[in-house]
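Engineer:
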Amino acid sequence: TDPDAGNRFGYFVLATGQSIEEQEPFLVTSDQFIRMEQTGDNTLSVTVNGRIYQYHNDLWVPKSDGKLQHFLVSATANYVR
């Protein structure tokens, strides 16, 4: 999470050993405690209780062998102040 982002928190999906340097978050939200679970081989589910500033549900994650792994992310969003 970027400390200059204020009350915005960025979330990433990364391969093991991958750094967040030069990566973009798939989710930027005011919720610092999202819930995320793997629901299938290439599917993830995220629950957000807060404002969503940015969200991408079709992710291509680079792996250490140079290949890309595809993830589809579904979201449940509740705006709680």
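Take any residue in the sequence shown, note its place counting from 1, add 1101, and you have its number in our numbering. We put the beta carbon where it would ideally sit given N, CA and C, even for glycine.
#1: Could you compute how far the alpha carbon of Phe1113 sits from the alpha carbon of Val1162?
#2: With burial defined as no fewer than 16 other Cβ atoms inside 10 Å of the residue's Cβ, what is the status of Asp1142: buried or exposed?
#3: Quick one: give me the first and last residue of the beta strand (DSSP E) that Leu1160 is part of.
#4: Kindly list the residues whose CB is nearer than 7 Å to the CB of Thr1148, restricted to its own chain and excluding five residues on each side of it in sequence; keep chain order.
#5: So Ser1131 and Ser1175 are in contact, right, with Cβ under 8 Å, and what is the actual spacing, rounded?
Structural biologist: On the basis of the data shown:
#1: Mapped onto the sequence shown, residue 1113 falls at position 12. Mapped onto the sequence shown, residue 1162 falls at position 61. C-alpha separation (whole angstroms): 10 Å.
#2: For the purposes of this step, residue 1142 is taken as the residue at position 41 of the sequence shown. That one is exposed.
#3: Numbered from 1 along the sequence shown, position 59 holds the residue referred to as residue 1160. Asp1159 to Pro1163 is the extent of the beta strand (DSSP E) around Leu1160.
#4: By one-based count along the sequence shown, residue 1148 stands at place 47. Around Thr1148: Ile1135, Arg1136 and Thr1177.
#5: Position 30 of the sequence shown, counted from the start, is the residue given in the question as residue 1131. Position 74 of the sequence shown, counted from the start, is the residue given in the question as residue 1175. Ser1131 to Ser1175, Cβ: 20 Å. No contact.
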